[in-house]
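In order, the protein sequences belong to chains A and B.
Our numbering applies: residue 1 is where the first sequence begins, and numbers increase by one.
Our numbering applies: residue 1001 is where the second sequence begins, and numbers increase by one.
There are 2 protein chains.
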Amino acid sequence: MSVEKMPADKMSIEKALNDSAISVNRKLDELIKPVSGAEARVIEAMRYATMVGGKRIRPYLVLNSAAIFDVHGEYALRAAAAVEMLHCYSLVHDDLPAMDDSDLRRGQPTAHKKFDEATAILAGDGLLTMAFEVLSHRDTHPDGEVRADLCHALAVAGGANGMVGGQMIDLLAENQELDIGAITRLQRMKTGDIIAFSCEAGAILGHASREQRHALTAYAHKLGLAFQIVDDLLDAEGDAAETGKPTGADAAAGKATFVSILGLERARTQARLLGDQANEHLDIFGRKADPLRWMTEFVINRKS
Amino acid sequence: MSVEKMPADKMSIEKALNDSAISVNRKLDELIKPVSGAEARVIEAMRYATMVGGKRIRPYLVLNSAAIFDVHGEYALRAAAAVEMLHCYSLVHDDLPAMDDSDLRRGQPTAHKKFDEATAILAGDGLLTMAFEVLSHRDTHPDGEVRADLCHALAVAGGANGMVGGQMIDLLAENQELDIGAITRLQRMKTGDIIAFSCEAGAILGHASREQRHALTAYAHKLGLAFQIVDDLLDAEGDAAETGKPTGADAAAGKATFVSILGLERARTQARLLGDQANEHLDIFGRKADPLRWMTEFVINRKS
């Protein structure tokens, strides 16, 4: 079923996304416990960095991939919180003066502005470490093989051959001429691998077959790329009031994007094509994958 | 057997420490593979940060704790490399301008001086992530419970209630009046928990009993505290040429240390007492723990 022909079930995805965000926020609040010791400040900063909000797309993917295999809700929720910790650590470090030097994130002061730079560095380190603490904890799954597998998949996706490597490439890429292959690889590493892990986590928790696990990560990689293209489209043509950030920022920074390479029209076509391809990978799961299909539609049609 | 009465087996510990450093350096070189992609720079920085050298005390503790339980050498070596990755990440982030702002580490430019600040932040993130990648990998142990347990213990020791929390306290502690309890807690978190993990890793890999695991972590905590006191003594009275760093730096920074609180003589006595207590915890292991006893002697008597 193509994305365009899918019945517009906007209420479903928005409600479902909101519901999963509420659950994961509650779990993050429970896992990142405030303390009274002298180290309280770094935990406060970790809480701040995760509580600022966001769509919680990665947790939604974990929860709804896990649901395909009827994974115990608590296990999925813990894995979802761990992925969000990792995502939030990457934002905190990305925003640092030595990196993107951003003062605001989702309209709020970034962690190093709200606290200070040293605290922000430590808070990022603490969140990254806690993601592994949560995944490896017995409460996340009774089977040690599953817990170790989760840790390993997250480390590969988040490491120097994944997200961290992608951030390095992104930093070096400013004012460089990237071709479509290079920018696709950059985005796959920088954001795609963690999105793929989010779906893979559900498969791991659900003792999925190799084929099922592969189908979910393939779905996620197409979805992640579509997400990035739509991001570039919104940046190029979006309404600043709606996206909540200044538009045309990429062009101003001299950054190659999917839009600068493909042009608006081909980028739009490409995003829809990737959405269709993403959904094809879900065929083997039947109706159980509907919440993931809603996400595809949401990603393609989002305005912010 | 008290530390003072132990036969001075200086050659043994120095040779043993050197041998284990050579093995772990080789393993680090193998695990942190250079790549040819655009992300090569961050991996280069990760290699630089781990190859600068150092005594490799933590790997020595992993290898020789594991040896008590006749753990397969390759498993122990991978865990040893993982601990060193975590240690080196903490040094890279600690040295950053926003933290300790150090230009030199072991006589070499720190990572952010050799590369740049953004690369150093990412290299630290990459090393921290890779430590978990290595521990959770099937090559580290065939039993998933063991791998998950290793990940969990490292995350607890390295997280906001361990090393990261200790660094936060340390940053806030400058020019504060810390009492002996507060400084002991700070050091236990900042350096002691990872030293304890190093010994715990051997116990986990060796399917040790709860009592054995506890004995090793208790040994390590006493050892770590003794190490820190000797560090403070060397800082206060050491010869700059021998320690390789300017002395009296702590006093100049207005930092409370064990020496500033206890005075030289009581600090010296305390270090020896902790060394004896550390070794008492090893009694249950008989002669198999001799390499750990050598380490105690080394820590107490070191001049740099």
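Virtual Cβ for every residue (Gly too), placed ideally from N, Cα, C.
- The three-state secondary structure of Gln1108/B, taken from DSSP, is strand.
- Assigned with DSSP and collapsed to three states, Arg1287/B falls in helix.
- Within the stretch 154-218 of chain A, the alpha helix (DSSP H) runs of at least 4 residues that lie entirely inside it are, in chain order, 163-173, 180-187, 193-205.
- Residue-level contact check: Gly1254/B does not touch chain A, since none of the beta carbons of chain A fall below 7 Å from its beta carbon.
- Note on Thr1269/B: under 16 other CB atoms within 10 angstroms of its CB, so exposed under the neighbour-count rule.
- The alpha-carbon of Gly1126/B is positioned some 10 Å away from that of Ala1120/B.
- Against chain A, a Cβ distance below 7 Å from His1152/B picks out Glu133, Ser136, His137.
- Closer than 8 Å at the C-beta level to chain A, one finds these residues of the stretch 1036-1070 of chain B: Gly1037, Ala1038, Glu1039, Arg1041, Val1042, Ile1043, Met1046.
- Per DSSP, the unbroken alpha helix (DSSP H) holding Asp1095/B starts and ends at 1073-1095.
- In the structure shown, His137/A falls within a coil segment according to DSSP collapsed to helix, strand and coil.
- The Cβ of Asp1170/B sits no closer than 7 Å to any Cβ of chain A.
- Here Ala123/A is near Ala49/A, since their CB atoms are less than 7 Å apart.
- Contact note: Val92/A does not reach chain B at a C-beta cutoff of 9 Å; the least C-beta distance is about 10 Å.
- Using a CB distance cut-off of 7 Å, Glu145/A counts as an interface residue toward chain B.
- A Cβ of chain A is located within less than 7 Å of the beta carbon of Thr1129/B.
- Arg1056/B carries a coil assignment under DSSP once its states are collapsed to helix, strand and coil.
- The continuous alpha helix (DSSP H) containing Asp276/A extends over residues 264-280.
- The beta carbon of Glu117/A falls within 7 Å of a beta carbon belonging to chain B, placing the residue at that interface.
- Counting along the chain, Thr50/A sits inside the alpha helix (DSSP H) bounded by residues 40-51.
- Each residue's CA atom was taken as its position, placing His1072/B and Val24/A some 40 Å apart.
- Ranked by Cα distance from Ser260/A, the first of Leu274/A, Val230/A, His281/A, Glu280/A is Val230/A.
- Here Phe132/A carries a helix assignment [DSSP, helix/strand/coil].
- With contacts defined as CB atoms closer than 7 Å, His1112/B and Leu1096/B qualify as a contacting pair.
- Sequence-distant Cβ neighbours of Ser1198/B in its own chain, meaning closer than 6 Å and more than five residues away, are Arg1058, Leu1061, Val1062, Val1083.
- Residue environment analysis places Asp1170/B among the buried positions, since at least 16 neighbouring C-beta atoms fall within 10 angstroms of its C-beta.
- Cβ proximity to chain B below 7 Å picks out Leu96, Ala98, Met99 from the stretch 96-113 of chain A.
- Listed along the chain, the chain A residues whose CB falls inside 7 Å of the CB of Gln1167/B are Leu122.
- At a cut-off of 7 Å between beta carbons, Ala157/A makes no contact with chain B.
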